[in-house]
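Below is one structure; the comments refer to it alone.
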Amino acid sequence: MPANFKTGSPSLGQFMLRRVLLVAGGASLLFGLLILVLYRDRLEHERAATSEQINRLLRVALENAMLKRDVPGLREIVERMGKLPGVSDVMILAPSGEVRFASRPESLGKQLPELIRVDRPGVPESRFVAEPGGGGEVLRSINPVPNQTACVGCHGPLEKSPVNGILVVDYHAATIRAEAWRSAGLFALAGAVVLALTLGVLWRMLRLRVVEPLRELDGVARQLTSGNLAVRAAVPTDDEPGRLAVSFNRMADRLVEQIGMAERQQRYLQELLDGLPDGVRVIRQSDLRILAVNRAYCQQLGVTEGVAVGQLCHVSSHGRDRPCPPTMLICPAVELKVPGQSLKCRHRHRTAGGREFPVEVHAVLVERSGSAGSERLIVESSSDLSDAARLSQEQRLSELGLLAAGIAHEIHNPLGSMRLAVDGLLRSFRQGNADPERICSYLEMVNAEIDRCTGVTQRLLLLSRLPRQQPQIVSLNRAVSDTLQLLDFDAQSHGIVQHLELAADDLRVLADDSDLRMVVLNLVQNAHHAMPQGGSLTVRTSVEDRSAVIAVCDTGKGISAEQAERIFDPFFSHRADGEGGTGLGLAICKSIVERYAGTIAVSSVYGHGAEFRVRLPLVSNS
């Protein structure tokens, strides 16, 4: 299942239902607050209406009785009013706060100064208070009885006595609250019915116009992700969900088109890879898994693409159950660090049947970006060297045939000298005047010429020799140091001062130890020959661009540009000491160095010495 579709997540219908319920809950809360405000407003209205209606009657009756100074009448009015429905108690207070008249006898004579409003002496008010005696809650209406002109004789001037008394009426609060709740409840019921109908219609519309179309689109999307590219969404309406379905179908068509294009491009790329003569494989650097191979790679190893893809690289090509140790060979997966970096090395691959064969590997590190992030890939091209080695040997033999004239020339002079020496010996013996001293000189001449011929043949054998099946890791510093030490006596005898500058780290290369020493020996001997009058020789090892370097520098007369172009050709010799050479030393050096994927070059300014530089792939120390 795609990452965008999470198992157990709520559906769109459930999501929208929750949102509708949330909206309904919020609306209900707001509606409840509205009902509460309505209730309080209705309660205030009922309180004011009740208080105003009864108090108006009481004030008229009481003012009449008070003007007539009818105390019994006042008492009777108060008692009668206290028995009205909804009335709990009626009291008349003097301006001092003393209860003069009350419908309840126990209230007479009480002092209630808290009911006298000094700040608002003539303003009536009403509030809910606890019923005296703990009987419940009452609505207390406090109504000042204002002083009038007719009452000035008893109560004094209006300025000093603005209020003749306080009329206090206590109403049963339950009755008033019940009436207020009844009115608010009817409104709430009507509002709830309207809200429920509105939400029901809203949910129905959302389900038909939004939820169901989107649910269908979700089902179509799931089928597309599962591989059913032919499914399309229905377009029932021309509104937003319908237009969304149209866009979705167009996207699906575009997706099918892009997938088809990608598949065609992949087939085209695979055909290109299969057309290459060298074996190609793509390795993911993080886990060493093979992601792709071509036909040549499968033919080299005798496997199918289905077997090779997904295997670990060391299992596929080397038959190892663990990654290859970097101390034994140069591994591109270890050596390549930066995208775009390339590497060339030689390995031995193993077929499915167990046969090993040499290959030359060209590898490059690339970085690929995807939806899950970027990953680094190693692209390897492996050239089978089995046929190349065989053809190389045949070519060398052919070249040796072409060099027969040169060989005959090199051996002809020694043979001619030996023939003259032998003829001289024969004449001496036949004439009976054989001189022992002369005979010894003739034999020494023959022996020297035999050594000369032997040197030519040995060098020719080295030039035509096949590489060893399995090169080993060789310490470059040790090979150079040991060889230079062997030639120290020769250098001293020619007045040459030798300097050795070794790299701080031990440089290791894949080669044959004797071959490597042969290269150093030839280069140092050539340097000695270039300084017949003595001089200075410097042999240096270093690291440059992941390669081990041997530099041999002399202070001889140097090499001209014309000589530098032919100096590595077989049988080309131009020694500064005037002695004749075979001209095979540098050709042998070049053959050995290239055998181990290295290079050899010379740089010189005529008259100022020469420098030979050998570069060999460096084996990592990790």
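Numbering (this note's numbering), first residue to last: 28 to 649. Glycine included, every Cβ here is placed at the ideal spot set by N, Cα and C.
Only counting the same chain, and skipping five residues up and downstream in sequence, which positions put a Cβ closer than 7 Å to that of residue i?
i	result
residue 115	158, 165, 197, 198 and 199
residue 530	504, 568, 569 and 570
residue 374	356, 386 and 388
residue 250	258
residue 137	126
residue 121	127 and 192
residue 498	537, 538, 539 and 623
residue 628	640
In its own chain, which residues sit with a C-beta less than 6 Å from the C-beta of residue i, not counting the 5 before and 5 after it?
i	result
residue 563	524 and 582
residue 522	561
residue 308	317, 320, 324 and 407
residue 339	315
residue 130	105, 106, 109, 116 and 117
residue 540	501
residue 306	323, 324, 327 and 409
residue 298	none
By a C-beta neighbour count over all protein chains shown, 10 Å radius and 16 as the cutoff for buried, is residue i buried or exposed?
i	result
residue 261	exposed
residue 22	No answer is possible for residue 22: the residues shown for the chain start at 28 and end at 649.
residue 327	buried
residue 418	Low per-residue confidence applies at residue 418: pLDDT is 46, beneath 50, and the placement is therefore not dependable, though the value from the model is reported in the following sentence. Label assigned to residue 418: exposed.
residue 632	exposed
residue 542	buried
residue 617	buried
residue 459	exposed
residue 128	buried
residue 476	buried
residue 639	buried
residue 474	exposed
residue 620	buried
residue 288	exposed
residue 558	buried
residue 286	exposed
residue 123	exposed
residue 32	For residue 32, the predicted structure reports a pLDDT of 43, less than 50, and the residue's modelled location is therefore unreliable. A value from the coordinates is still provided. Counting Cβ neighbours within 10 Å, residue 32 comes out exposed, since fewer than 16 surround it.
So what does DSSP say about residue i, is it helix, strand or coil?
i	result
residue 526	strand
residue 635	coil
residue 12	Not covered by the structure: residue 12. The range shown for the chain is 28 to 649.
residue 113	coil
residue 199	strand
residue 509	helix
residue 430	Note on residue 430: pLDDT 48, under 50, position unreliable in the model; no value is reported.
residue 534	coil
residue 470	helix
residue 646	coil
residue 630	strand
residue 445	helix
residue 582	coil
residue 410	strand
residue 499	strand
residue 640	strand
residue 286	helix
residue 401	strand
residue 242	helix
residue 514	coil
Looking only at its own chain, which residues have a Cβ that is under 8 Å from the Cβ of residue i, when we skip the five neighbours before and after it?
i	result
residue 513	548
residue 312	360, 363, 392, 402, 403, 404 and 405
residue 366	392, 393, 394 and 403
residue 346	377 and 381
residue 429	Caution applies to residue 429, whose pLDDT of 42 falls short of 50 and renders its modelled position unreliable; the value that the coordinates give is listed next. Nothing meets the Cβ criterion.
residue 650	One cannot answer for residue 650 here, as it falls past the ends of the chain, which runs 28 to 649.
residue 455	461, 462, 465 and 466
residue 36	Residue placement at residue 36 is poorly supported in this model, since its pLDDT is 49, which falls under 50; the coordinates are not used for a value here.
residue 343	308, 317, 328, 330 and 335
residue 507	527, 529, 547, 566, 568 and 577
residue 469	448, 449, 451 and 452
Bridge partners of residue i, per DSSP?
i	result
residue 571	574
residue 138	125
residue 665	A question about residue 665 goes unanswered here, because the residues of the chain that appear run from 28 up to 649.
residue 307	408
residue 316	311 and 339
residue 120	126 and 193
Verify the CB distance criterion: does residue i have a CB-CB separation below 7 Å to chain B?
i	result
residue 547	As a matter of chain content, chain B is missing from the structure shown, which is built from one protein chain.
List, from N- to C-terminal side, the beta strand (DSSP E) runs of 3 residues or more that fit wholly inside the stretch 251-282.
Complete beta strand (DSSP E) runs here, min 3: none at all.
Runs of beta strand (DSSP E) lying entirely within the stretch 320-397, each at least 3 residues, in chain order:
Secondary structure in the stretch 320-397: the beta strand (DSSP E) runs of 3 residues or longer, each lying completely within the stretch, are 369-377 and 383-397 in chain order.
In chain order, each beta strand (DSSP E) run of at least 3 residues that lies wholly inside the stretch 542-569:
Scanning the stretch 542-569 for uninterrupted beta strand (DSSP E) segments of 3 residues or longer gives nothing; none is fully contained.
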